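Participant: Chains A and B, in that order, are what the protein sequence lines are.
Counting in our numbering, the first sequence runs from 26 upward without gaps.
Counting in our numbering, the second sequence runs from 26 upward without gaps.
Where is the CB? At the ideal position from N, CA and C, for every residue including glycine.
Just so you know, these numbers come straight off a predicted model, no measurement behind them.
Got a structure for you, written out below as structure tokens; questions coming shortly.
There are 2 protein chains.
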Amino acid sequence: MNDKGEYSYQEIRLARAALTRLFEPSDLVGFALVQHAGPVMALRIATGQDKAGGEDEGAVREVLEQAGAASGWGGLAESRERWGTRKKDLAPERDLEVIRRLGGGFVIPEDTEWPAALADLGLTEPLALWVRSAGPGFPQQHRCISIVGSRDATSYGAGVTGELAYSLVQRGFTVISGGAYGIDAHAHRSALAAASGFAESGGHIPTIAVMAGGLDRFYPAGNEDLLRAVASQGALIAEVPPGSNPTRYRFLQRNRIIAALSAVTVVVEARWRSGALNTAHHANMLSREVGAVPGSVHSANSAGCHRLLREGAAVCVTDAGDVAELAGEMGTSLVPEAEGSRAMHDGLSVEDLLLLDALPVVTFTTVDKLTSVAGLSLPSVLSGLGRLDAVGLAESTSGTWRKKKT
Amino acid sequence: MNDKGEYSYQEIRLARAALTRLFEPSDLVGFALVQHAGPVMALRIATGQDKAGGEDEGAVREVLEQAGAASGWGGLAESRERWGTRKKDLAPERDLEVIRRLGGGFVIPEDTEWPAALADLGLTEPLALWVRSAGPGFPQQHRCISIVGSRDATSYGAGVTGELAYSLVQRGFTVISGGAYGIDAHAHRSALAAASGFAESGGHIPTIAVMAGGLDRFYPAGNEDLLRAVASQGALIAEVPPGSNPTRYRFLQRNRIIAALSAVTVVVEARWRSGALNTAHHANMLSREVGAVPGSVHSANSAGCHRLLREGAAVCVTDAGDVAELAGEMGTSLVPEAEGSRAMHDGLSVEDLLLLDALPVVTFTTVDKLTSVAGLSLPSVLSGLGRLDAVGLAESTSGTWRKKKT
């Protein structure tokens, strides 16, 4: 603390490192405390070294009681008891040393590289991020796409995920996911593959895995090689310090970070009840775009996607172009139609369509006959035949007409 | 015509029969003429036997010129020329006799069994309907579902169509389609199959095919047996008289009738450009519900469905329950969730979730250890363990605890 009562960057950094162990993710009372008292004083208050300071005491206490009451986290006294059980585990210097030895780092909101998009989380904005990354900083939100889905992906889901991730990275996007088995793993793997293909031209981080536990170990163990590759060519991030277990609660909270970092969250496969829907829900709450990949109505692994579509909580996406368009990429909405060119009879007038319908395919017919079959006046038939002839839809011989084979 | 200048039902009926041959479907000038002058006078004016009558002349002429100008059908003079080419084909008594000999009938808006839903078409409401049917009248719109799609259905599309049609007929709905190959045929066939299964209990018309050509022949020829069965157990309808060819223009106009008759139009499979999308478009314009069945993003036959979903022109439907819900069937939205029961940990408080996460699976642990791992106060852990024990999620021995295997 300097003469003006301001804390140094190092004091703030150390306090935030400690707070990530003391507070569970989105502990609303703890997070409110940090917002109202700052990280250094929040740590002192939370650990009982200090009261809510001086003249602010009443105001801070009221805010905390409200946060606790509204959220179910309990009041300040109850929260202090909760935090007190972890006081003895606090060793922020050791945690920072651990992440440093792993080649990683620790990013706090006071850093310029802090992802601005996380501020949209409001009171549940992470207190800090533990990072293992080779790259420089984080990509901007509008260049990030989350791809999430079931752990038990089908071959269909795996295939679509691979196509999406590969193509999105090639378009310059960063693919964010949760590092789990199934869709997550396919997304990371294809993103890395796409980046290795054009390492010289790109330079952007191809993929980020947002982990629910500490970054000192790779979870799930079966993804160790993949996550190691993500750490060295992309980034692993977590809001809990090294040594933290990936609990179910932390998995659910982790999803809010995936949603917040991305312009679009794409659910490729999800059962009727699935953690991926939780991520989609967070994205909806944050007014981020959500895409859902359709699949067979007979596949339980697509039921969650169809549910999102049906409830209007997601937009139907079928390829990387659709996703890029949701992310606001310029020009993608002008992509030509997916199948075939415009039919030749598009743009014909009603009368010319009637005339075209009336033309026989094999034998030639007279103009007089055409007026009756098409139900058109003689002038209309004559001028119409001229137009159909001009666009290659009709042909004539000796004043008789038929449809031209195209 | 009686003393008051009113025409008899028979005069009106005969005039409408003639007009269905004289005017193409949705001939806006012709249809406007009928609306403003009535069918009998409209026929006389259209065939040049009479002018727009007396004092109304200026008003009728103005309406017709406006209808023609706005629609591209041309003015009254031009339209008269168009109609004139077909005057020599008019033989309404013969047409009515043909349909009678086929066991069919002719329904006009003046009949009580005229489907009220068609009035939503406004100026393009059909002038009359030619019918081949065994059943009594038409089902009400809220009990009708259209199922439409590609002629070149995949086995997936055929399967889903079959499931939907069968189940909807079992729920008491009438399945409407266009009698074509592919999705249409599967829809009619399954609807008939469902009806044959419980003929005693039902009694409603299982399926209606809306045809683009005259009902004196079955088109396409390969569907003859099917369409014959539809005529005898359901209904075939057309707005054009016997002997009329099914032209492309008439196919497109036919789609507006399919859409108008139904509460919901379901597109099962459609390519990026498909006639089924035209039906969906008509339904949108009529404020009818549109459902689209999702499928593989790799299937060109689902691209049109995904396009509808993406553009917000359709709701995602995966089974008959979804469709019935769109049709406003009571209670279907209360159908239980599709997969599994609610997870046992649903409804737990944040603190109890944290505690559940902290419980080891194999070995038992102490309450003291749990306070630290879960980050909860001693009272919270003790009361939480009690709650988890009560719902069968935790078990204890000698004051130590672990997760209970479920």
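May I ask which residues mark the beginning and end of the beta strand (DSSP E) holding B/Leu261?
Facilitator: As a first step, residue 261 of chain B is located in the second sequence; it is residue number 236 there, counting from the start. Taken as a continuous stretch (DSSP letters only), the beta strand (DSSP E) holding B/Leu261 covers Ala260 to Ala263.
Participant: B/Lys112: which of A/Ser397, A/Ala144, A/Pro64 and A/Ala419 sits nearest, CA to CA?
Facilitator: If you number the second sequence from 1, residue 112 of chain B lands on position 87. Selected option, being the one with the closest Cα: A/Ser397.
Participant: Is it the case that the Cβ atoms of A/Val194 and A/Val185 are separated by a distance below 7 Å?
Facilitator: Against the first sequence, residue 194 of chain A aligns to sequence position 169. Against the first sequence, residue 185 of chain A aligns to sequence position 160. Their beta carbons are not under 7 Å apart, which means A/Val194 does not touch A/Val185 by this criterion.
Participant: Identify each residue in the region 170 to 193 of chain A for which the Cβ-Cβ distance to at least one residue of chain B is less than 9 Å, and report them in chain order.
Facilitator: Those residues of the region 170 to 193 of chain A that come within reach of chain B (Cβ to Cβ, closer than 9 Å) are Tyr181, Gly184, Val185 and Glu188.
Participant: Going along chain A in order, which residues have a C-beta closer than 9 Å to the C-beta of B/Arg335?
Facilitator: Start at 1 with the first residue of the second sequence, and residue 335 of chain B comes out as number 310. Result: Val340, Cys341, Val342, Thr343 and Asp347.
Participant: Please report whether the beta-carbon of A/Arg168 lies at a distance below 7 Å from any beta-carbon of chain B.
Facilitator: One-based indexing of the first sequence puts residue 168 of chain A at position 143. No, A/Arg168 lies away from the interface with chain B (no Cβ there is under 7 Å from its Cβ).
Participant: Check B/Trp139 in the structure and name its three-state DSSP category.
Facilitator: Numbered from its first residue, the second sequence carries residue 139 of chain B at position 114. Coil.
Participant: Name, going along the chain, the residues of the region 31 to 52 of chain A whose beta-carbon falls closer than 7 Å to a beta-carbon of chain B.
Facilitator: Per Cβ criterion, the list reads Glu49.
Participant: Within the 7 Å Cβ cut-off, does A/Asp377 reach chain B?
Facilitator: In the first sequence, residue 377 of chain A corresponds to position 352, counting from 1. Closer than 7 Å: no.
Participant: Counting only beta-carbon atoms, is B/Thr72 nearer than 7 Å to chain A?
Facilitator: Here residue 72 of chain B corresponds to residue number 47 of the second sequence, with the count starting at 1. False, the Cβ-Cβ gap to chain A never drops below 7 Å.
Participant: Below 7 Å CB to CB, which residues in the same chain sit around B/Ala210 once its five sequence neighbours on both sides are set aside?
Facilitator: Locating residue 210 of chain B in the second sequence gives position 185, where the first residue counts as 1. So the list reads Asn248 and Leu251, once near-sequence residues are dropped.
Participant: Is there a Cβ of chain A sitting closer than 7 Å to that of B/Arg313, yes or no?
Facilitator: For the purposes of this step, residue 313 of chain B is identified with residue 288 of the second sequence, where counting begins at 1. Not one chain A Cβ lies under 7 Å of B/Arg313.
Participant: Mind the definition here: the region 37 to 53 of chain B touches the region 115 to 131 of chain B only if three or more C-beta pairs lie below 8 Å; say whether that holds.
Facilitator: The answer is yes - the region 115 to 131 of chain B touches the region 37 to 53 of chain B, with three or more Cβ pairs under 8 Å.
Participant: Between A/Tyr191 and the rest of its own chain, which residues show a CB-CB distance below 6 Å, the 5 nearest in sequence each way excluded?
Facilitator: As a first step, residue 191 of chain A must be located in the first sequence, where it is residue number 166. Taken in chain order, the residues that qualify are Ser215 and Ala219.
Participant: Does the beta carbon of A/Ser269 come closer than 7 Å to any beta carbon on chain B?
Facilitator: For the purposes of this step, residue 269 of chain A is taken as residue 244 along the first sequence, with counting starting at 1. Judged by the 7 Å Cβ criterion, A/Ser269 is not in contact with chain B.
Participant: Against chain A, with Cβ distances strictly below 7 Å, would B/Ser402 count as a contact?
Facilitator: Here residue 402 of chain B refers to the residue found at position 377 when the second sequence is read from its first residue. At least one chain A Cβ lies under 7 Å of B/Ser402.
Participant: What separation, rounded to the nearest whole angstrom, lies between the Cα atoms of A/Gly409 and A/Thr390?
Facilitator: By one-based count along the first sequence, residue 409 of chain A stands at place 384. By one-based count along the first sequence, residue 390 of chain A stands at place 365. Whole-angstrom Cα-Cα distance: 15 Å.
Participant: Taking C-beta to C-beta, are A/Gly329 and A/Ser299 nearer than 7 Å?
Facilitator: Counting from one through the first sequence, the residue named residue 329 of chain A turns up at place 304. Counting from one through the first sequence, the residue named residue 299 of chain A turns up at place 274. In contact: A/Gly329 and A/Ser299 (Cβ atoms closer than 7 Å).
Participant: Quick one: Cα of B/Gly63 to Cα of B/Arg281, how far?
Facilitator: The sequence position of residue 63 of chain B within the second sequence is 38, counting from 1. The sequence position of residue 281 of chain B within the second sequence is 256, counting from 1. C-alpha separation (whole angstroms): 23 Å.
Participant: When you compare each of B/Arg157, B/Asp241 and B/Ala260 to B/Ile230 by their alpha carbons, which one comes out closest?
Facilitator: Stepping through the second sequence from its first residue, residue 230 of chain B is reached at position 205. The option with the nearest alpha carbon to B/Ile230 is B/Ala260.
Participant: Is the region 130 to 149 of chain B in contact with the region 408 to 425 of chain A, if contact means three or more CB pairs nearer than 8 Å?
Facilitator: The region 130 to 149 of chain B vs the region 408 to 425 of chain A: no contact.
Participant: In whole angstroms, what is the alpha-carbon distance linking B/Thr357 and A/Arg69?
Facilitator: The residue given as residue 357 of chain B occupies position 332 in the second sequence. The residue given as residue 69 of chain A occupies position 44 in the first sequence. Because B/Thr357 carries a pLDDT of 43, less than 50, the predicted location of this residue cannot be relied on, and no value is offered for it.
Participant: Within the same chain, show all residues whose beta-carbon is closer than 6 Å to that of A/Ala317, passing over the 5 residues directly before and after it, in chain order.
Facilitator: Walking along the first sequence from the start, residue 317 of chain A turns up at place 292. Same-chain partners within the cutoff: Val292, Cys330, Leu333, Leu334 and Ala339.
Participant: Report yes or no: is there a C-beta of chain B within less than 7 Å of the C-beta of A/Glu350?
Facilitator: Here residue 350 of chain A corresponds to residue number 325 of the first sequence, with the count starting at 1. No, A/Glu350 lies away from the interface with chain B (no Cβ there is under 7 Å from its Cβ).
Participant: Report the partner residues of A/Thr390 according to the DSSP bridge assignment.
Facilitator: If you number the first sequence from 1, residue 390 of chain A lands on position 365. A/Trp426, per the DSSP bridge assignment.
Participant: Which chain B residues are close to A/Tyr244, counting only those with a beta carbon under 7 Å from its beta carbon?
Facilitator: Looking up residue 244 of chain A in the first sequence gives position 219. None at all; the shortest Cβ gap to chain B is about 14 Å.
Participant: Can you tell me the Cα-Cα spacing of B/Ser366 and B/Asp347, whole angstroms?
Facilitator: Taking the first residue of the second sequence as 1, we reach residue 366 of chain B at position 341. Taking the first residue of the second sequence as 1, we reach residue 347 of chain B at position 322. Residue confidence is low: B/Ser366 scores 37 on pLDDT, short of 50, so the model does not pin down where it sits. No coordinate-derived value is stated.
Participant: Do you know how far the Cα of B/Arg41 is from the Cα of B/Arg105?
Facilitator: To locate residue 105 of chain B, count along the second sequence from 1; it is residue 80. To locate residue 41 of chain B, count along the second sequence from 1; it is residue 16. Between B/Arg105 and B/Arg41, the C-alpha separation is close to 17 Å.
Participant: Might you give, ordered along the chain, the residues of its own chain that have their beta carbon closer than 7 Å to the beta carbon of B/Thr179, omitting 5 neighbours on each side?
Facilitator: Within the second sequence, numbered from 1, the residue matching residue 179 of chain B stands at position 154. Excluding sequence neighbours, B/Thr179 sits near Glu294, Ser324 and Asn326.
Participant: When you compare each of B/Gly239, B/Ser202 and B/Val289 to B/Val255 by their alpha carbons, which one comes out closest?
Facilitator: On the second sequence, position 230 is the one that residue 255 of chain B refers to. Checking every option, the nearest Cα to that of B/Val255 belongs to B/Ser202.
Participant: Comparing the C-beta of A/Glu420 with each C-beta of chain B, is any distance below 7 Å?
Facilitator: Counted from its first residue, the first sequence places residue 420 of chain A at position 395. No, because no Cβ of chain B sits closer than 7 Å to the Cβ of A/Glu420.
Participant: Please tell me whether B/Val289 has its Cβ less than 7 Å away from any Cβ of chain A.
Facilitator: Here the question's residue 289 of chain B lines up with position 264 in the second sequence. No - not a single Cβ of chain A is within 7 Å of the one on B/Val289.
Participant: Since B/Thr396 meets chain A, which of its residues come closer than 7 Å, beta carbon to beta carbon?
Facilitator: Mapped onto the second sequence, residue 396 of chain B falls at position 371. By Cβ distance, chain A contributes Thr110.
Participant: At which residue ranges does the region 77 to 158 of chain B contain complete alpha helix (DSSP H) runs of 4 or more residues, listed in the order of the chain?
Facilitator: Counting only runs of 4 or more, we get 82 to 96, 101 to 109 and 117 to 126.
Participant: Does the beta carbon of A/Arg412 sit closer than 7 Å to a beta carbon anywhere in chain B?
Facilitator: Counting from 1 along the first sequence, the entry for residue 412 of chain A is found at position 387. Taking Cβ atoms only, chain B never reaches closer than 7 Å to A/Arg412, which makes this a no.
Participant: In terms of residues, what are the limits of the beta strand (DSSP E) holding A/Ser171?
Facilitator: As a working mapping, residue 171 of chain A is identified with position 146 in the first sequence. It spans Cys169 to Val173 - the beta strand (DSSP E) in which A/Ser171 sits, taken as one unbroken run.
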